[in-house]
DNA sequence: AAGATCTGCCGAATTTTATTCGGGGCAAAG
DNA sequence: CTTTGCCCCGAATAAAATTCGGCAGATCTT
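Take a look at the structure:
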């Protein structure tokens with residue numbers, strides 16, 4: 001389903017999703033028309049959901065990031081989904097993880113300063129009656145990785161990419 | 001520093017970082033040459049760090065995601081930085097948060113299945129002597145948000161964008 | 001208040017890139 | 001050994017990015 005050429009393309013598009021198709025083709029070692037077709041297929045199959053700018057939160061005035069663990073009581077579907085929708089829409093929210101374990105949500109937020117962090121917790125979160133418990137951790141650093149490598153790939157029946165002629 | 005036009009551009013580039021500059025210009029209501037210049041400036045100033053493809057982890061065979069809280073003992077700079085570098089490079093790792101609070105790291109991973117999750121914890125993490133405590137939470141869902149809106153903006157001396165002539 | 005100056009926007013011309021499409025090689029199937 | 005299918009390639013066309021001279025409005029200067 002996903003061959004080595006696809007993976008190479010995904011790696012490149014993680015590094016720079018806006019590089020020209022010519023550069024992409026050169027980087028992965030195929031003709032531009034080939035990489036164009038592969039990228040189109042990856043999008044159509046939903047492997048690539050889209051392309052996003054990577055914005056420096058500090059540069060747009062959000063100098064403080066935090067991860068907030070929240071417990072919902074009772075953790076009914078109704079409460080979970082309702083809270084998820086609500087928190088996703090807050091302007092402070094950068095990401096939302098719905099989790100198992102002792103906490104139901106991990107909310108990644110970015111705010112202007114520590115006052116903003118405090119205000120988020122005591123003004124926003126505690127507004128919600130289903131929020132039973134909150135634990136805040138300041139995020140000192142956040143790094144993203146490039147998850148494209150094959151993970152203990154189960155042997156698939158798919159063909160490897162045809163190398164064809166090279167001239 | 002960041003005016004409303006910049007913010008509109010950032011919002012658009014969150015929706016689709018690969019839309020053509022013409023479309024971007026139309027979406028934010030300026031000429032293509034103007035939006036091109038703005039985007040170039042945003043990149044040069046470091047507001048936009050780059051552009052990344054949004055890859056569906058499930059579609060590339062990583063069916064299980066988890067958030068793993070790790071405590072490092074002793075939490076010395078040496079141990080923290082060494083662990084951060086090491087964990088960032090693992091193929092399972094999607095993101096790494098360095099945090100305050102009772103845990104020093106939050107590691108977002110994506111693996112093939114629950115076996116892979118178990119293996120990550122007992123084979124990888126416990127290999128490291130500085131890892132004192134590990135707590136795993138399965139991630140049922142992960143949503144990203146679009147953090148571009150102004151957050152309690154301090155009044156800055158920057159000029160608002162000149163609207164100029166419209167014809 | 002009037003002129004000078006600066007900033008940012010515009011639009012046409014040029015350069016670069018994306019996109020399309022017919023054809024060929026390799027591999028598996030018959 | 002022939003057929004079939006898949007993937008890749010490269011040239012031609014269409015579309016987009018990029019450059020740049022010039023203008024409008026705001027601010028500064030005198």
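Chains as they are written, first to last, in UniProt numbering: chain L, 1 to 167; chain Z, 1 to 167. Positions of the beta carbon are idealized from the N, C-alpha and C atoms, including for glycine. All values reported here derive from a predicted model rather than from experimental measurement.
How about residue i and residue j: do their beta carbons lie closer than 8 angstroms?
i             : j             : result
residue 138/Z : residue 31/Z  : no
residue 104/Z : residue 128/Z : no
residue 145/L : residue 95/Z  : yes
residue 56/L  : residue 49/Z  : yes
residue 111/Z : residue 39/Z  : no
residue 68/Z  : residue 134/Z : yes
residue 88/L  : residue 151/Z : no
residue 97/L  : residue 109/L : no
residue 93/Z  : residue 107/Z : yes
residue 18/L  : residue 11/Z  : no
residue 21/L  : residue 5/L   : no
residue 34/L  : residue 25/L  : yes
Quick one: is residue i buried, meaning 16 or more other Cβ sit within 10 Å of its Cβ, or exposed?
i             : result
residue 147/L : buried
residue 52/L  : buried
residue 42/Z  : buried
residue 141/Z : exposed
residue 13/L  : buried
residue 44/Z  : exposed
residue 60/Z  : buried
residue 123/Z : exposed
residue 76/Z  : exposed
residue 143/L : exposed
residue 78/L  : exposed
residue 126/Z : exposed
residue 73/Z  : exposed
residue 2/L   : buried
Pull the bridge partners of residue i from the DSSP assignment, please.
i             : result
residue 50/L  : 54/Z
residue 98/Z  : 141/L and 105/Z
residue 93/L  : 109/L
residue 133/Z : 71/Z
Under DSSP, the beta strand (DSSP E) around residue i begins and ends at which residues?
i            : result
residue 65/Z : 64 to 72
What first and last residue would you give for the alpha helix (DSSP H) that runs through residue i?
i             : result
residue 125/L : That residue, residue 125/L, is in no alpha helix (DSSP H); it is neither H nor E in DSSP.
residue 81/L  : 77 to 88
residue 32/L  : 32 to 44
residue 27/Z  : 21 to 28
residue 8/L   : 4 to 15
CB of residue i to nearest heavy atom of the ligand COA: below 7 angstroms?
i             : result
residue 131/L : Looking for the ligand COA in the displayed structure turns up nothing, as the structure carries no ligands at all.
- With 8 angstroms as the limit, tell me which residues of the region 23 to 47 of chain L have their beta carbon closer than that to any beta carbon of chain Z; keep them in chain order. Per Cβ criterion, the list reads 45, 46 and 47.
- Listed in chain order, which residues of the region 88 to 103 of chain L have Cβ atoms closer than 9 angstroms to some Cβ of chain Z? Cβ contacts with chain Z: 88, 89, 90, 91, 92, 93, 94, 95, 96, 97, 98, 99, 100, 101, 102 and 103.
- Query: According to a CB-to-CB cut-off of less than 9 angstroms, which residues of the region 124 to 144 of chain L neighbour chain Z?
  - Reply: For the region 124 to 144 of chain L, the set of positions with a beta-carbon nearer than 9 angstroms to some beta-carbon of chain Z reads 135, 136, 137, 138, 139, 140, 141, 142, 143 and 144 in chain order.
- Query: Going along the chain, which residues of the region 46 to 72 of chain L sit with their C-beta nearer than 7 angstroms to a C-beta in chain Z?
  - Reply: Within the region 46 to 72 of chain L, the qualifying residues are 46, 47, 48, 49, 50, 51, 52, 53, 54, 55, 56, 57, 59, 60, 61, 62 and 67.
- Give the residues from the region 106 to 118 of chain L that approach chain Z closer than 7 angstroms (Cβ to any Cβ), ordered along the chain. The residues in question are 106, 110, 111, 112 and 116.
- Along the region 9 to 22 of chain L, what residues have a CB closer than 7 angstroms to any CB found in chain Z? Residues 10, 13, 14, 16, 17 and 18.
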